[in-house]
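Engineer:
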Amino acid sequence: MEDLRRASILLLFFSVGFNWLRKFLGKSRALEDLDNILVEKKGLHAEINRLEIELSEIGTRNKVSVEEKMDMNGFEGQASVKEFQETLSSLKEENDMPWKFWSHLLLTLDGWFLEKKISIDDAKLLREMARKRDVRIRDAYIACKDKSDNEAVTILLNLTKSLKSSGLHIVHIAAEMAPVAKVGGLGDVVSGLSKALQKRGHLVEIILPKYDCMNHDLISDLKELDMTVHSYFDGQQFGNKIWVGIVAGLPVYFIEPHHPGKFFWRGQYYGEHDDFKRFSFFSRAALELLFQSGKKPDIIHCHDWQTAFVPPLYWDVYSSKGFNSARICFTCHNFEYQGVSPASELASCGLDVHHLHRPDRMQDNSSHERINPVKGAVVYSNIVTTVSPTYAQEVRTAEVFVTGGRGLHETLNFHSRKFVGILNGIDTDAWNPATDSFLKYQYSADDLQAKEENKAALRKHLGLSSANASQPLVGCITRLVPQKGVHLIRHAIYQTLELGGQFILLGSSPVTHIQREFEEISNHFQNHPHVRLILSYDDALSHAIFAASDMFVIPSIFEPCGLTQMIAMRYGSVPIARRTGGLNDSVFDVDDDAIPVQVRNGFTFLVPDEQGLSGAMKRGFKLYMRNPDAWRDLVQKNMAIDFSWDSSSAQYEQLYENSLARARKSSRENDS
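Numbering of the sequence shown is given in the UniProt record's numbering, commencing with residue 1 and proceeding in unit increments.
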């Protein structure tokens, strides 16, 4: 009773404070204070990163040795999900946001409770998070700063729903993870999605091959475990050394095979004659690691053909051993690559060729004497995803301007109930013009003059003419492969010059004749005042091009998702893109009356030819040159679009939970 009385007095105190704040500060003053707080927050990123690493170190130090846990027959690998969440919250208590921010938040929460907008249980939960200065409520409250009270209440109540349920244990098995082992977008997705899921309170771990060529400097606390995991391959048992480390705040397990083929000591990630063997070995070893350690994750999420062996191995080999409680999610990031190989090679990792080389399992739909790992993953997984809604539609068709599923459209249609496209996000911490250390001048939507200064700096760096400061600069950063529309990229260079602009291309090609062709173009424009081609990849230069460019060309023939259009908009560069795949889900034409005005953000074309691209570029140049105010409004609107992983990770979370719920329901029905 006494506790209730004290709580009532406390609520009355907060109520008085809340009403005083509303009366004398007003909403505009509160928003102004919040903006000031956000400015103060910029200098704290380094400290937060340090704390994230400290969290990972604590997680590693607290691990019981693998052998001890195996003796206990209950190895979990690290603290429980609940302990993980509490540790994450406590480490973020200090040096995060100033007390003024948390005071505003507490007063707002108590005001909502007194106005009966939230329940006492939700108020208690949210106040406790605010008291602990939890990063999740911090981010949610920041996201509410331009919202109405009702919208803000909804956002924070959604947060309480996710907190009331226990987090999941999710294991990603992949061939790439940025920034330590990255070739393309796959690496970005594995790290970006994992960080977002971790932020939502889930326990996330990643299993990678231990490549000799990966960036070891970006792995914290890398160490070899005093254990060997033996896995089957080619009729024998081979040892695997297991390494652990922290990458971007995430726990990662690295598998080093002790196999005479030295599978991951080749100086490159892909492109070896025996890639099928390399990655089928890795897939088996990854599952063996989970099985021998006694881990029982809720979700095993594998990516692309390199780990597409995991689903059939899990259900055909490991489920009979009692390792069967997880749901399997498979994401294909690009159906162009399916790992199709002779059927006999499947036996190496212990799969039954006779059992799987069938039309309804792993037999390739086009080359019937071969097997298709991606098809097998589609058949055997509980959840199948790809990286955008439009691409998910395209790969189920064979229409003239899309590649379709490269022979898998019938399989994907048959399994359509478990197949969904989710648009990727980008790492908004790594790609943030306001904090980007690669830029000469940081800037925001409210300070576009600094963007112009970056433009001038890049022109000087590359030796381009600065005679006309307002001359539009067109950027293009891409792999020069047929998928990306190399003939249209070439056309964009000449079209830009014809329209009075400047053009910068950053990219290279693994295809010899394409690389040679662009080297010839580069030599032709070697000392040109308005064109520069850099035919290699340079991370720092890519950031500078995003910041300096006014427009960004993405003329892909097909594009599963695409990230450059999102990064470009975040940096104030307006995309000119073909309507395909993820581009169609993220770039909406400025002149399309069928699209709400507030959503329009770029210039698009459908037919992948020079005429279509020219039309979109001409419209972009026209708006830039004739209506600078409208162009500025467009740039500022684009920079405010949320391309983070928040929405995408929530969709994955829902897929995971739905699949687990179906499994629990099925189990109950079988028991009854």
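The beta-carbon is built from N, C-alpha and C at its ideal position, and this holds for glycine as well.
All figures in this text were calculated on a predicted structure; none of them were measured in a lab.
Pull up the distance between the alpha-carbon of Ala-568 and that of Ile-557, whole angstroms please.
Structural biologist: Looking up residue 568 in the sequence shown gives position 568. Looking up residue 557 in the sequence shown gives position 557. One C-alpha to the other measures close to 19 Å.
Engineer: What are the uninterrupted segments assigned as beta strand (DSSP E) that are 3 or more residues long and contained completely in the region 238 to 304, given in chain order?
Structural biologist: Assignment of beta strand (DSSP E) within the region 238 to 304, counting only whole runs of 3 or more residues, yields 250 to 257 and 299 to 303 in chain order.
Engineer: State whether the region 409 to 427 contacts the region 383 to 391, with contact taken as three or more CB pairs (one from each stretch) at a distance under 8 Å.
Structural biologist: yes
Engineer: Between the region 644 to 663 and the region 197 to 210, do at least 3 Cβ pairs fall closer than 8 Å?
Structural biologist: yes
Engineer: How many Å lie between Ala-540 and Ala-450 at the Cα?
Structural biologist: Indexing the sequence shown from 1 puts residue 540 at position 540. Indexing the sequence shown from 1 puts residue 450 at position 450. Roughly 18 Å separates the two Cα atoms.
Engineer: Let me know the secondary structure DSSP gives Gly-612 once reduced to three states.
Structural biologist: Within the sequence shown, the letter at position 612 stands for residue 612. Three-state result, Gly-612: helix.
Engineer: Considering only their Cβ atoms, is the gap separating Ala-343 from Ile-371 smaller than 8 Å?
Structural biologist: Walking along the sequence shown from the start, residue 371 turns up at place 371. Walking along the sequence shown from the start, residue 343 turns up at place 343. Yes, Cβ-Cβ distance for Ile-371 and Ala-343 is below 8 Å.
Engineer: Tell me the rounded alpha-carbon separation between Gln-526 and Tyr-494.
Structural biologist: One-based indexing of the sequence shown puts residue 526 at position 526. One-based indexing of the sequence shown puts residue 494 at position 494. Put simply, the backbone Cα of Gln-526 is about 14 Å away from that of Tyr-494.
Engineer: Cα-Cα, which of Ala-445, Ile-504 and Ser-437 is closest to Leu-464?
Structural biologist: On the sequence shown, position 464 is the one that residue 464 refers to. Out of Ala-445, Ile-504 and Ser-437, Ile-504 has the C-alpha closest to the C-alpha of Leu-464.
Engineer: With C-beta atoms as the reference, is Leu-480 less than 8 Å away from Val-486?
Structural biologist: The count along the sequence shown starts at 1 and reaches residue 480 at position 480. The count along the sequence shown starts at 1 and reaches residue 486 at position 486. Their beta carbons are under 8 Å apart, which means Leu-480 touches Val-486 by this criterion.
Engineer: Please state if the CB of Val-252 and the CB of Ala-286 are separated by a distance shorter than 8 Å.
Structural biologist: Translated into the one-based positions of the sequence shown, residue 286 becomes position 286. Translated into the one-based positions of the sequence shown, residue 252 becomes position 252. No. Outside cutoff.
Engineer: If you reduce the DSSP assignment to three classes, tell me which class Met-214 lands in.
Structural biologist: Position 214 of the sequence shown, counted from the first residue, corresponds to residue 214. Coil, per DSSP.
Engineer: Since Lys-210 and Phe-264 should fall inside the 8 Å C-beta cutoff, what is the C-beta to C-beta distance between them, to a whole number of angstroms?
Structural biologist: What you label residue 210 is simply residue 210 of the sequence shown in a count that begins at 1. What you label residue 264 is simply residue 264 of the sequence shown in a count that begins at 1. Indeed, because the Cβ distance is near 6 Å, the residues count as touching under 8 Å.
Engineer: Does DSSP classify Phe-414 as helix, strand or coil?
Structural biologist: Walking along the sequence shown from the start, residue 414 turns up at place 414. Here Phe-414 sits in helix by DSSP.
Engineer: Among Val-378, Leu-208, Ile-219 and His-216, which residue has its Cα nearest to the Cα of Phe-414?
Structural biologist: Along the sequence shown, read from residue 1 onward, the residue named residue 414 stands at position 414. Among Val-378, Leu-208, Ile-219 and His-216, the Cα nearest to that of Phe-414 is on Val-378.
Engineer: If I measure Cβ to Cβ from Val-420 and keep anything under 6 Å in the same chain, skipping five residues before and after, which residues do I get?
Structural biologist: Residue 420 sits at position 420 when you count from the first residue of the sequence shown. Answer for Val-420: Thr-385, listed in chain order.
Engineer: Roughly how many angstroms separate the alpha carbons of Ala-347 and Thr-154, rounded to a whole number?
Structural biologist: Locating residue 347 in the sequence shown gives position 347, where the first residue counts as 1. Locating residue 154 in the sequence shown gives position 154, where the first residue counts as 1. C-alpha of Ala-347 to C-alpha of Thr-154: approximately 53 Å in a straight line.
Engineer: Roughly how many angstroms separate the alpha carbons of Arg-664 and Glu-657, rounded to a whole number?
Structural biologist: Mapped onto the sequence shown, residue 664 falls at position 664. Mapped onto the sequence shown, residue 657 falls at position 657. Arg-664 and Glu-657: Cα-Cα distance of roughly 10 Å.
Engineer: Tell me whether Glu-520 counts as near the ligand NAP, meaning its Cβ is closer than 7 Å to at least one heavy atom of that ligand.
Structural biologist: Absence of the ligand NAP is noted for the structure shown, with no ligands found whatsoever.
Engineer: Using only the alpha-carbon positions, how far apart do Pro-98 and Lys-637 sit?
Structural biologist: If you number the sequence shown from 1, residue 98 lands on position 98. If you number the sequence shown from 1, residue 637 lands on position 637. Looking at the two C-alpha atoms, the distance is approximately 29 Å.
Engineer: In angstroms with no decimal places, state the Cα-to-Cα distance between Leu-12 and Phe-101.
Structural biologist: Taking the first residue of the sequence shown as 1, we reach residue 12 at position 12. Taking the first residue of the sequence shown as 1, we reach residue 101 at position 101. Residue placement at Leu-12 is poorly supported in this model, since its pLDDT is 39, which falls under 50; the coordinates are not used for a value here.
Engineer: I need the straight-line Cα distance from Gly-245 to Gly-167, nearest angstrom please.
Structural biologist: Indexing the sequence shown from 1 puts residue 245 at position 245. Indexing the sequence shown from 1 puts residue 167 at position 167. Using only the alpha carbons, I get a separation of about 22 Å.
Engineer: Going by CA-CA distance only, name the one from Leu-412, Ala-140 and Ile-383 that's closest to Glu-394.
Structural biologist: In the sequence shown, residue 394 corresponds to position 394, counting from 1. Selected option, being the one with the closest Cα: Leu-412.
Engineer: Which of the three DSSP states is assigned to Ser-325 in this structure?
Structural biologist: Here the question's residue 325 lines up with position 325 in the sequence shown. Of the three classes helix, strand and coil, the one that applies to Ser-325 here is coil, per DSSP.
Engineer: Mapping DSSP to helix, strand and coil, what is Leu-533?
Structural biologist: Here the question's residue 533 lines up with position 533 in the sequence shown. Looking at Leu-533 - three-state DSSP - the assignment turns out to be strand.
Engineer: Cα separation between Met-566 and Ser-586?
Structural biologist: Taking the first residue of the sequence shown as position 1, residue 566 is located at position 566. Taking the first residue of the sequence shown as position 1, residue 586 is located at position 586. Cα to Cα, the separation comes out at about 8 Å.
Engineer: Would you list, in sequence order, the uninterrupted beta strand (DSSP E) runs of no fewer than 3 residues that lie entirely inside the region 523 to 574?
Structural biologist: 531 to 534 and 551 to 554
Engineer: Could you say if the region 534 to 553 and the region 431 to 445 meet the contact criterion of at least three C-beta pairs nearer than 8 Å?
Structural biologist: yes
Engineer: Starting from Lys-223, follow the alpha helix (DSSP H) in both directions and report where the run begins and ends.
Structural biologist: Translated into positions along the sequence shown, residue 223 becomes position 223. Counting along the chain, Lys-223 falls outside any alpha helix (DSSP H), though it belongs to the beta strand (DSSP E) covering 220 to 233.
Engineer: Look at the Cβ atom of Ile-173, then the Cβ atom of Val-204, and state whether they are nearer than 8 Å.
Structural biologist: Numbered from its first residue, the sequence shown carries residue 173 at position 173. Numbered from its first residue, the sequence shown carries residue 204 at position 204. No, these two residues do not count as a Cβ contact at 8 Å.
Engineer: Using beta-carbon positions only, say whether Ala-130 and Ile-137 come within less than 8 Å of one another.
Structural biologist: Along the sequence shown, one-based indexing puts residue 130 at 130. Along the sequence shown, one-based indexing puts residue 137 at 137. Taking 8 Å as the Cβ cut-off, Ala-130 and Ile-137 qualify as a contacting pair.
Engineer: Would Gly-572 and Phe-588 qualify as a contact pair, given that the criterion is a beta-carbon distance under 8 Å?
Structural biologist: One-based indexing of the sequence shown puts residue 572 at position 572. One-based indexing of the sequence shown puts residue 588 at position 588. Cβ atoms of Gly-572 and Phe-588: not closer than 8 Å.
Engineer: Which partner residues does Arg-370 have in the DSSP bridge list?
Structural biologist: For the purposes of this step, residue 370 is taken as the residue at position 370 of the sequence shown. Bridge partners of Arg-370: Pro-342.
Engineer: If we ignore side chains and look at the alpha-carbon of each, how far apart do Lys-460 and Cys-476 end up?
Structural biologist: The residue given as residue 460 occupies position 460 in the sequence shown. The residue given as residue 476 occupies position 476 in the sequence shown. When rounded, the distance between both Cα atoms is 18 Å.
Engineer: Give, in chain order, every unbroken run of the beta strand (DSSP E) that is at least 3 residues long and sits entirely within the region 424 to 512.
Structural biologist: Taking only runs of at least 3 residues, the beta strand (DSSP E) segments lying wholly in the region 424 to 512 are 473 to 477 and 502 to 506.
Engineer: List the DSSP bridge partners of Ile-576.
Structural biologist: Against the sequence shown, residue 576 aligns to sequence position 576. According to DSSP, Ile-576 bridges with Val-553 and Phe-603.
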